[in-house]
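Numbering (the UniProt record's numbering), first residue to last: 1 to 733.
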């Protein structure tokens, strides 16, 4: 009889962080269902989590390090692999200097303990300003707006979904995506509960998405025009005397002056939402017992991405809903300590990219200029690249050019379980083990959770022969990059302990680090570091100062997690502005409103392209799982029936789509779900390039929407790529 056991772990496949109950048979994950006892998700599961066994057992998954041998690959041991990495990187540094090194961090890094603990130290160890990530094709505008308002780019308020009575949602489709920058297991259930208790849900989106169909009202909007609608709401709040008291907030009069140019009648012509509907939104938000405005990727990946995300929190503040129960609140992750209410503030542009002069934001440069830095000769030209869990050839604009650039590098190393469209160019691939064989704790998503909680998943299965834990892979890679052969973790822990004992607000202030070090628990250096963070965090035991507080052992003893209660007001503690106040109208944002004002006169005609999410997809590697790609083709070009008739397109026919970025062909899906003047393609497709080893994805290649997006089109404040509202021409193929 097969031996079957059960293990519990947090799903690492999207931001919902649902608890899973894994079925393990003879040492393999053979099934998954929702963990009903999980304190955060209460048994909710989506198709991605339900197919985690396919990810675990994917035959295309790399199990051993790979080293390129001409046009072929050979499996090697870890010592040989890291020796090759050292030779390659040292050679480039010796010939060209450290500025010739670059790092790209993909989205899956925020879904792993390894990424949460080691991505930052790896970027710092690089010794180069050439750091790039998926953030600049995703959420960087929200980081910038939060940084300018609150002094901290990670101080991102989330809607208090369980207590709000009114939710305005723009550019977000959590019934498909499960939510983002707002960690909420069972987001659909929370929206339904909002309506059951008599609350109101309004969705602003160019598509009638699954979320829009659930809403009380769906307002179609011209893609990229969300900032105009929100400024119309702001103008109405001031004009009709609906602004709430705003203690602790500076800049309200400045916002009022800026809003005068954006009366509802003027912005309605641009965004397509009637003026009276804009006024209705303002009145409802002001009158609701509690309300929150929430915006996501559809607003970030647009030409006014940072302004839009700023105006989200301007409306939250002006209606009295910032940092109040039922409004937009600041979570407190279990590994974080409360702040001090002041700080140095936030700024960008501390350095600029060599070729295009684009400003640094949050320690990195826009991903769309990586190809420029590789292909343009001169001092500081990128000659070697490290990628960690990323596939920018598919996920960034100008991917074909980037692929060509990667092929000309002197050296490239990738930490990735797949030979995909990007890693096929590497010289060495270092594959992490499957999720079940790694510990898990959500560093990033605990800071965006709609209810404070702490959950830890030990490895459900041991490492197999030849596997190396991803934390150990990244720690060793840091050692290679920095020239520090060993002791990376020990140095980090010593640094953290030194800061803690020197901080008068710390529970271990004045204690001897040598006394505390042996008290840390955990089987690996990474887990001892996590234990340190938990013990010194907001709910931690403080090494005995707060008996009963959190530690790694406390989480081990609670396999379904520990509930830490609803969100609580955190202003002004969360702030890091020099003034200790919310800076509602920072100069960079005020200056950029001129660009928005100029756009009022722009004539907007023709078709524009937007992306879309799907419940069974999050990143390109999920397209290699049979359970997530079976059924009808999802990589279709959605076209409104009026546009289809005018253009001569037929359902299930093929369309040729052209933009300044390039040309693709895609299957047509005629649907009233998308508004006239807009066409939609999902992201992450374009598989089957030569040299890849993702057989399921290659059988479902799809069209790459990023072949149409222009790498030169950026939101200037954040460097974020413009992926929505892209002008296109469409005709039958």
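Idealized CB from N, CA, C, for every residue including glycine.
- Taking 3 residues as the minimum length, the beta strand (DSSP E) runs contained wholly in the stretch 290–369 are 292–295, in order along the chain.
- Between residue 681 and residue 714, the C-beta spacing is not below 9 Å.
- DSSP assignment within the stretch 159–206 yields the following whole beta strand (DSSP E) runs of 3 residues or more, N-terminal first: 166–170, 200–204.
- Membership of residue 218 in the beta strand (DSSP E) is indicated by the continuous run 217–219.
- Here residue 584 is not near residue 307, since their CB atoms are 9 Å or more apart.
- With a beta-carbon spacing of about 5 Å, residue 60 and residue 693 fall inside the 8 Å limit used to define contacts.
- Judged by DSSP in its simplified three-state form, residue 530 adopts helix.
- Across the structure, residue 662 and residue 679 are spaced so that their CA atoms are roughly 16 Å apart.
- The Cβ atoms of residue 147 and residue 346 sit closer than 9 Å to each other.
- In the same chain as residue 417, and ignoring 5 residues on each side of it, the C-beta atoms closer than 7 Å to its own belong to 61, 62, 431, 432, in chain order.
- Take the alpha-carbon of residue 720 and the one of residue 145: they are about 12 Å apart.
- Residue 414 is bridged by DSSP to 387, 429.
- With contacts defined as CB atoms closer than 9 Å, residue 161 and residue 184 qualify as a contacting pair.
- Its chain contains 202 as the residues whose beta carbon lies nearer than 6 Å to that of residue 217, once the 5 sequence neighbours on both sides are disregarded; these appear in chain order.
- Taken through DSSP and simplified to helix, strand or coil, residue 665 comes out as strand.
- Looking from the CA of residue 545, the closest CA among 82, 510, 561, 523 belongs to 510.
- With a minimum length of 3 residues, the unbroken runs of beta strand (DSSP E) contained wholly in the stretch 677–720 fall at 678–680.
- For a cut-off of 8 Å, the C-beta gap from residue 342 to residue 646 is around 58 Å, too long to register as a contact.
- Burial check for residue 390: the Cβ neighbour count within 10 Å reaches 16 or more, so the residue is buried.
- As the crow flies, the alpha-carbon of residue 190 is around 23 Å from that of residue 443.
- Remark: C-beta atoms of residue 323 and residue 571 approach each other more closely than 9 Å.
- Residue 295 sits buried, since 16 or more C-beta atoms from the chains shown fall within 10 Å of its C-beta.
- The beta carbon of residue 110 sits closer than 6 Å to those of 444, all from its chain and outside the five residues before and after it, given in chain order.
- For residue 726, the uninterrupted beta strand (DSSP E) run begins and ends at 726–732, by DSSP.
- Contact annotation, residue 224 with residue 304: C-beta distance approximately 7 Å; criterion of less than 8 Å satisfied.
- Burial check for residue 731: the Cβ neighbour count within 10 Å stays below 16, so the residue is exposed.
- If you look at residue 656, you'll find it in the beta strand (DSSP E) that goes 654–658.
- A check of alpha carbon separations from residue 104 across 395, 487, 501, 67 identifies 395 as the nearest.
- Residue burial annotation: residue 198 is exposed, with fewer than 16 other C-beta atoms found within 10 angstroms of its C-beta.
- A direct Cα-to-Cα measurement between residue 114 and residue 251 gives close to 40 Å.
- Under the DSSP assignment, residue 621 falls outside any beta strand (DSSP E); it carries neither an H nor an E label.
- Pairing residue 31 with residue 23 gives a Cβ-Cβ distance under 9 Å.
- Setting aside the 5 residues that flank it on each side, residue 711 is surrounded in the same chain by 368, 397, 398, each with a C-beta closer than 6 Å to its C-beta; the list follows chain order.
- Pairing residue 488 with residue 498 gives a Cβ-Cβ distance that is not under 9 Å.
- Within a 10 Å sphere around the beta-carbon of residue 695 sit fewer than 16 other beta-carbons, which makes this residue exposed.
- Between residue 392 and the set 686, 340, 596, the nearest pair of CA atoms involves 686.
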